[in-house]
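In the UniProt record's numbering, the protein residues as written are 1 to 271.
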């Protein structure tokens with residue numbers, strides 16, 4: 001009887017241990033997808049207001065990683081492995097075949113970035129379509145748009161912004177875009193003209209001086225933030241209007257204004 005009871009108890013204990021292990025594995029199998037769902041669909045805090053929704057700025061509510069920006073502010077170097085093989089040579093003389101050239105089939109090299117008015121399209125198409133009529137210069141109520149000087153060569157006479165003389169005030173109706181008949185200034189893209197940078201060793205606020213002129217005069221809300229008395233440019237909101245550079249009171253201007261590196265182009269029409 002004792003051996004029989006011992007074997008029955010051992011079997012019961014074994015079954016109980018199997019049940020416990022099964023329950024743990026089953027609970028873990030259910031817990032993992034639940035945690036995954038909570039992680040994917042959890043609500044995240046956002047700093048976007050209803051103003052963005054009312055004004056049609058839905059692009060600000062989208063994750064920036066899913067939609068590449070239309071305007072490239074600054075070029076970013078890409079880390080690409082060097083796959084080019086060393087040329088074949090005999091006694092230091094290159095005997096590798098010369099690859100064929102495609103001169104005349106490639107697009108001309110890109111010119112230096114210029115500070116164009118808001119809504120400017122791709123630089124190559126801009127130079128091809130701009131008639132240098134000057135209507136955008138006349139329409140600007142703040143005299144922020146001027147003609148490029150002759151020293152710039154092929155781009156001479158095209159509209160640019162010289163923030164040192166007068167900055168773009170980011171008009172609500174953008175009369176410069178409305179007056180452009182050739183269509184090289186359009187309102188279907190974000191009016192990003194460039195990006196401002198603060199040179200700290202030239203900024204008065206970084207030398208124990210109370211100065212917040214740039215943030216006070218900036219027409220774009222949230223583009224310049226002051227933290228502990230020191231201004232910082234928020235590159236995601238900065239449009240490169242140049243107001244901060246125009247009003248900077250430092251002996252040597254502390255604002256570096258960098259034009260947009262690349263802008264979107266128009267779709268080619270095939271008649």
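We put the CB at the ideal spot given by N, CA and C, even for glycine. This structure is a prediction, so every number in the text was calculated from the model and none was measured.
Own chain partners of residue i with C-beta closer than 6 Å, once the 5 adjacent residues on each side are dropped
i           : result
residue 232 : 225
residue 202 : 250, 252, 254
residue 141 : none
Bridge partners - residue i, DSSP secondary structure assignment
i           : result
residue 156 : Answer is none; residue 156 lacks a bridge partner.
residue 259 : 194
residue 276 : Missing from the structure shown is residue 276; the chain here goes from 1 to 271 and no further.
Distance, residue j Cα to residue i Cα
i           : j           : result
residue 168 : residue 148 : 16 Å
residue 193 : residue 138 : 19 Å
residue 156 : residue 119 : 19 Å
residue 252 : residue 218 : 19 Å
residue 221 : residue 153 : 37 Å
residue 242 : residue 128 : 26 Å
residue 143 : residue 209 : 32 Å
residue 171 : residue 97  : 58 Å
residue 256 : residue 244 : 9 Å
residue 200 : residue 223 : 17 Å
residue 12  : residue 20  : 12 Å
residue 145 : residue 227 : 33 Å
residue 206 : residue 93  : 58 Å
residue 18  : residue 24  : 10 Å
residue 216 : residue 166 : 17 Å
residue 173 : residue 191 : 12 Å
Under 9 Å between C-beta atoms of residue i and residue j
i           : j           : result
residue 204 : residue 163 : no
residue 186 : residue 198 : no
residue 132 : residue 161 : no
residue 214 : residue 184 : no
residue 237 : residue 180 : no
residue 175 : residue 130 : no
residue 240 : residue 212 : no
residue 158 : residue 124 : no
residue 260 : residue 195 : yes
Residues near residue i in its chain [Cβ-Cβ closer than 8 Å; skip 5 each side]
i           : result
residue 264 : 70, 71, 121, 122, 189
residue 272 : Shown here, the chain extends from 1 to 271; a query on residue 272 therefore has no answer.
residue 54  : With a pLDDT of only 46 at residue 54, under 50, the local geometry of the prediction cannot be trusted, and no value is derived from it.
Sequence-distant residues of its chain with Cβ nearer than 7 Å to residue i (five each side left out)
i           : result
residue 150 : 156
residue 112 : none
residue 258 : 74, 194, 195, 197
residue 235 : 73, 195
residue 15  : none
At 4 residues or longer, and completely inside the UniProt domain "4Fe-4S ferredoxin-type" (117-150): list those alpha helix (DSSP H) runs for me, N to C. DSSP runs (the alpha helix (DSSP H)) wholly in the UniProt domain "4Fe-4S ferredoxin-type" (117-150): 123-129, 135-139.
Length-filtered (4 minimum) alpha helix (DSSP H) runs lying within the region 148-222: Listed in chain order, they are 175-178, 213-217.
Scan the region 225-254 and note each continuous beta strand (DSSP E) run of 3 residues or more that stays entirely inside, going in chain order. Runs of the beta strand (DSSP E) inside the region 225-254: 230-233.
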